[in-house]
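Peer 1:
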Amino acid sequence: METVGIIVLLLVLAFLTLAGVVAVRTVRAVKRGVVRGTTQARRAVEDAQLKARRYTTPGVGGEVAQLRLDLRAAIDSTFAALEARRADDPSLAEAGALLARLNDHARALDGDLKLLEREPDKSHVAARLPDLTTRVRHITHSADSLRWAAQDRAHHCATDDLASLTDQIAIESAALRHWTPTDPPKLSAPGE
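Mapping of the sequence shown onto my numbering: position 92 corresponds to residue 92, and the numbering continues sequentially without gaps.
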């Protein structure tokens, strides 16, 4: 009887431990989801503000908002293009690492532009704008170049795959159409 009690106690303890582990993992997953959702919502609100500022703020303020939007669009679309093709083409890992480094520069530049948005001295903003515009153009050009290369690679691979498939189908079709006529079996006569 004691053995049954000990086994039941061990099963209850194992169940409670398992439930505790599941609860902790669930809480952590929910926390990550909330943080990710909050970050995405904050980013969406900030993008909407930038788009509004681009049209409503005249002069250098609108230009700074446009530069931030251009920078974000180039980086985001390149991340999306590389991520979409990474599963099919593992050789894009190096491009992903380069884009991550480029994203670090883009974030730093976005921070500088964000500070300039709040700068009350518009002449100071206007003086710094050409240099920042050049930096934005360099980053967006690099991101665009990576994205276009990934798209060209995917197109080239798809074209090569289609050409190979077409060749294989042509070979198989020819093989199916090629047959050697066979003579019907000769029936032996009853006396032979």
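C-beta: ideal position from N, C-alpha, C; glycine also.
Computed from a prediction, not measured in an experiment: that's the story for all the values here.
(1) Taking E117 as part of the alpha helix (DSSP H), name the residues at either end of that continuous run.
(2) Output needed for F79: all residues of its chain with C-beta closer than 8 Å, excluding positions within five of it in sequence on either side, in chain order.
(3) Compare the beta carbon distance of V60 and L129 with 7 Å and say whether it is the shorter of the two.
(4) Where does D89 sit, in a helix, a strand or coil, going by DSSP?
(5) Less than 8 Å between the CB atoms is what I'm expecting for L82 and L113, so what's the real figure, rounded?
(6) Can you tell me the Cβ-Cβ gap for D110 and R42, rounded? I've got them flagged as a contact below 8 Å.
(7) Could you pull out every residue in the same chain whose Cβ sits closer than 6 Å to the Cβ of R54, ignoring the five residues on either side in sequence?
(8) So, at 8 Å on beta carbons, what are the nonlocal neighbours of T56 in its own chain, with the 5 sequence-adjacent residues on each side left out?
(9) Using DSSP with H/G/I as helix, E/B as strand and the rest coil, what is T134?
(10) In three-state DSSP terms, what is H178?
(11) Among residues of its own chain, excluding the 5 on either side of A149, which ones have a beta-carbon nearer than 8 Å to its beta-carbon?
(12) Suppose contacts are defined by Cβ-Cβ distances below 7 Å. Is L92 in contact with R85 by that definition?
(13) At what residues does the alpha helix (DSSP H) containing T3 begin and finish?
(14) Given a cut-off of 7 Å on the beta-carbon distance, is the pair T140 and A74 in contact?
(15) At the level of alpha carbons, what is the spacing between P120 and G37?
(16) Can you grab the Cα-Cα spacing for the pair V24 / T17, in whole Å?
(17) How would you call R28, buried or exposed, if buried means at least 16 neighbouring beta carbons within 10 angstroms?
(18) Go ahead and label R147 buried or exposed: buried means 16 or more other beta carbons lie within 10 angstroms of its beta carbon, across all protein chains shown.
(19) Are the Cβ atoms of L71 and V136 separated by less than 7 Å?
Peer 2: Looking at the coordinates:
(1) A93 to E117
(2) L99 and N103
(3) yes
(4) coil
(5) About 24 Å separates the two Cβ atoms, so there is no contact after all.
(6) Contact doesn't hold; Cβ gap of about 14 Å is too wide.
(7) G62, A65 and Q66
(8) G62
(9) helix
(10) coil
(11) A95
(12) yes
(13) E2 to T56
(14) yes
(15) 33 Å
(16) 11 Å
(17) exposed
(18) buried
(19) yes
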